[in-house]
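Q: Sharing a structure below in structure tokens format, with a few things to ask.
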Amino acid sequence: MVQFFQQLINGVSIGSVYSLMAVGYSLVYSIMNFSNFAHGGVIMVGSYIGFYLLTSAKVPFPAALLGAAAGAGVLAIIVERIAYSPLRHRSAPFLYFIISAMGASMFIENFVVATIGPTFKTYPAVFSRWPIEIGPFYIGRIDVLIFVSAAMCLLGLVYFIDRTKLGKAVQATSFNHRAASLMGVNTGFVITLVFAIGGLLAGIAGVLFGMKYTVYPQMGAITIKSFIAAVFGGLGSLPGAVIGSLLLGIIETLVSGYFSSQYRDLISFTLLIAVLIFRPIGLMGKVTEEKA
Amino acid sequence: MLEVRDLHVFYGGIHALRGVSLKVEPGEIVTIIGANGAGKSTLLNAISAVVKRRSGTITLDGQPVASVPHAVVKQGICQVPEGRLVFANLTVRDNLMMGAYLRSDRAAIASDLEKVYTLFPRLKERINQLAGTLSGGEQQMLTIGRGLMSAPRIMLMDEPSLGLAPILVETIYEVIAEIRRRGTTILLVEQNAYKALAVADRAYVLEQGCITREGVAADLLHDEYIRQAYLGVKREKAGAGGRCGVE
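If you read the protein sequences in the order shown, they are chains A and G.
The first sequence lines up with residues 1 to 292 when you count with my numbering.
The second sequence lines up with residues 293 to 539 when you count with my numbering.
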């Protein structure tokens with residue numbers, strides 16, 4: 001029983017990182033209707049920025065976290081401007097966006113390999129590696145940090161989307177660009193904003209992930225997990241992305257804990273396929289078909 | 293007030309509007325009637341800058357109308373789009389508030405919201421419902437209400453009666469007359485020529501991208517050609533249709 005709860009705690013921790021990644025992914029999907037595969041590259045660059053801010057610039061941790069978030073946000077905007085915006089203005093087919101996204105993803109990854117190098121880097125110990133003991137359970141300090149930062153970011157995002165005028169404009173634009181623009185919404189600005197938010201969250205996720213594991217140029221591939229989580233929860237749905245991520249994190253750690261970590265990804269992908277077959281809209285997919 | 297001069301719009305290779313000119317004076321209801329595909333929606337979308345124009349000028353009180361949609365709304369030109377384009381994922385109240393997106397005068401917004409509710413009591417009963425769950429008629433009321441929330445100087449209405457039951461068409465047209473009485477100028481595009489001509493002051497006939505006739509709405513209601521082509525009145529002797537390019 002103790003082991004089960006211990007795994008659960010670990011699962012929630014990794015699930016929280018997935019959710020930060022999946023939410024940004026889902027947000028872009030909801031407004032642009034395509035999978036932004038460059039998201040992984042943005043996470044990775046955020047992780048590197050955090051790493052260098054801590055090791056070379058030696059700034060305090062909160063500043064490094066914010067710096068990584070800002071840097072990743074800017075990168076996400078640049079990717080949108082260069083890789084997607086020209087396609088958007090030509091009303092290019094959906095497939096072009098995906099190809100452009102893959103190109104951007106490969107470019108970012110190889111750019112980092114070429115400039116920084118392919119080696120793995122380990123974050124300096126910001127916190128004591130000793131876990132916190134609560135009764136029979138051990139909770140890593142980094143896991144607490146991950147959970148708290150992810151929860152704060154997600155609550156902030158929900159507040160923004162549901163409670164602010166601009167957030168409503170994001171929802172309106174995600175439903176229909178033309179109708180939103182006829183209400184006076186600058187949809188180009190809303191799209192830039194959505195990429196920026198996705199990038200901010202990606203930067204934070206990158207730092208947290210880097211601290212828990214390591215930093216390397218291919219770490220963006222982890223977004224495939226957040227992609228699974230987003231599909232699992234329902235692409236385009238923010239609560240769905242969070243729930244899907246937490247479930248995926250928990251399932252993964254339970255599989256690793258009770259069977260073998262070699263089965264972990266096998267199970268995740270089986271889950272993805274099962275969801276796509278039996279419930280393609282995901283757990284909380286957008287069902288906003290008009291009645292008409 | 294609103295003036296369109298020699299407007300040309302291309303859709304891909306199709307010459308959708310071929311030199312359209314029209315004028316709307318303050319306080320008027322002007323209607324544009326025409327068959328499906330004549331270019332009526334394109335005309336409204338060109339004014340709203342949702343589609344790009346190839347050439348021609350559009351002015352509001354002598355000032356050029358902007359070339360991006362959100363700036364056009366800011367100038368006081370609001371389009372109520374065809375096909376009840378409500379934000380299905382937002383509540384009725386949020387839909388109406390989206391109409392007031394560019395406004396920040398809270399007191400005036402609140403009072404306009406009340407006015408919309410007096411116009412459409414049905415909407416008030418459903419303020420917290422998601423717009424996607426409304427009936428077709430209610431969605432049309434919502435798009436009109438949403439348009440009014442921008443406090444427009446001129447409202448462009450695209451086929452407000454499309455797909456509605458006759459009794460609802462009646463209601464919508466009463467509302468259109470009421471909106472004008474409250475001081476908003478209206479440019480109305482319709483296939484339902486009879487209803488449109490009955491409510492409008494002046495009318496233009498749009499055929500294959502050209503204005504082929506124009507005049508006082510009441511006169512066009514009795515015009516032989518209009519009666520046969522758009523009002524479904526059968527007569528032995530065919531009247532002459534308008535010719536494109538010759539105004």
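Glycine is no exception: its CB is placed at the ideal position from the N, C-alpha and C atoms.
1) Would you verify that the beta carbon of A/MET32 is, or is not, closer than 7 Å to some beta carbon of chain G?
2) Taking only beta-carbon atoms, is A/GLY184 less than 7 Å away from chain G?
3) Tell me whether G/GLN522 sits in a helix, a strand or coil according to DSSP, three-state version.
4) Using 8 Å for Cβ pairs, my map puts G/THR476 next to G/MET447. What's the rounded Cβ distance?
5) Indicate whether the contact test is met: 3 or more Cβ pairs, each with one atom in the segment 413–431 of chain G and one in the segment 344–362 of chain G, closer than 8 Å.
6) Checking contacts by CB at 7 Å: is G/GLY391 closer than that to chain A?
7) Measuring CB to CB, does A/MET21 end up less than 7 Å from A/ALA205?
8) Grouping DSSP H, G and I as helix and E and B as strand, with all else coil, what is G/MET373?
9) If distances are taken between C-alpha atoms only, which option among G/GLU470, G/ALA521, G/ARG494 and G/ALA341 comes closest to G/VAL481?
10) Under a CB-based cut-off of 7 Å, is A/ALA38 close to chain G?
11) State the DSSP-derived secondary structure class of G/ASP386, mapped to helix, strand or coil.
12) For G/VAL491, count neighbouring Cβ atoms within 10 angstroms of its own Cβ and tell me buried if that reaches 16, exposed if not.
13) Anyone know if the C-beta pair for A/ALA72 and A/ALA196 falls short of 7 Å?
14) Please tell me whether A/ARG178 has its Cβ less than 7 Å away from any Cβ of chain C.
15) Using 8 Å for Cβ pairs, my map puts G/SER340 next to G/GLN371. What's the rounded Cβ distance?
16) Beta-carbon of A/VAL2 versus every beta-carbon of chain G: anything under 7 Å?
17) Hey, how far is the Cα of G/TYR517 from the Cα of A/ASN33?
18) Using a Cβ-Cβ cut-off of less than 9 Å, give me the residues of the segment 368–381 of chain G that come near chain A, in sequence order.
19) Given G/VAL525, which residues of its chain have a CB within under 7 Å of its CB, disregarding the five upstream and five downstream residues?
20) Within 7 Å of any Cβ in chain A, is that where the Cβ of G/VAL342 sits?
21) What three-state label does DSSP hand G/HIS263 in the structure shown?
22) Can you give the beta carbon distance from A/ALA68 to A/ILE49, rounded, assuming they're within the 8 Å contact cut?
A: Let me spell this out:
1) For A/MET32, the answer is no, since every Cβ of chain G falls outside 7 Å of its Cβ.
2) True, the Cβ-Cβ gap to chain G drops below 7 Å.
3) In the sequence as displayed, the identity of residue 522 of chain G is Tyr instead of Gln. DSSP places G/TYR522 in coil when its eight states are reduced to three.
4) Contact holds; Cβ gap of about 5 Å.
5) As far as the Cβ criterion goes, the segment 413–431 of chain G does not touch the segment 344–362 of chain G, which means the pair count is below three.
6) It does: the Cβ of G/GLY391 has a partner Cβ on chain A nearer than 7 Å.
7) Yes, the pair counts as a contact, with Cβ atoms nearer than the cut-off.
8) Note that residue 373 of chain G is Pro in the sequence shown here, rather than Met. Residue state, collapsed to three classes: coil.
9) Of the candidates G/GLU470, G/ALA521, G/ARG494 and G/ALA341, the residue whose Cα lies closest to the Cα of G/VAL481 is G/ARG494.
10) Taking Cβ atoms only, chain G never reaches closer than 7 Å to A/ALA38, which makes this a no.
11) Helix at G/ASP386.
12) A residue is called buried when at least 16 other Cβ atoms come within 10 angstroms of its Cβ; G/VAL491 meets this threshold and is buried.
13) Contact flag unset, no.
14) No chain C appears in the structure shown, which is made up of the protein chains A and G.
15) Taking 8 Å as the upper bound for CB-CB distance, G/SER340 and G/GLN371 are in contact here, some 5 Å apart.
16) By the rule that beta-carbons nearer than 7 Å mark a contact, A/VAL2 does not touch chain G.
17) Their backbone Cα atoms lie some 47 Å apart in a straight line.
18) For the segment 368–381 of chain G, which is checked against every Cβ of chain A, the residues closer than 9 Å are CYS370, GLN371, VAL372, PRO373, GLY375, ARG376, LEU377, VAL378, PHE379, ALA380 and ASN381.
19) For G/VAL525, where only same-chain residues beyond five positions count, the Cβ hits under 7 Å are ARG519.
20) G/VAL342 counts as touching chain A.
21) Outside the displayed range of chain G (293 to 539) lies residue 263 of chain G, so it cannot be described from this structure.
22) Right, their Cβ atoms sit about 4 Å apart.
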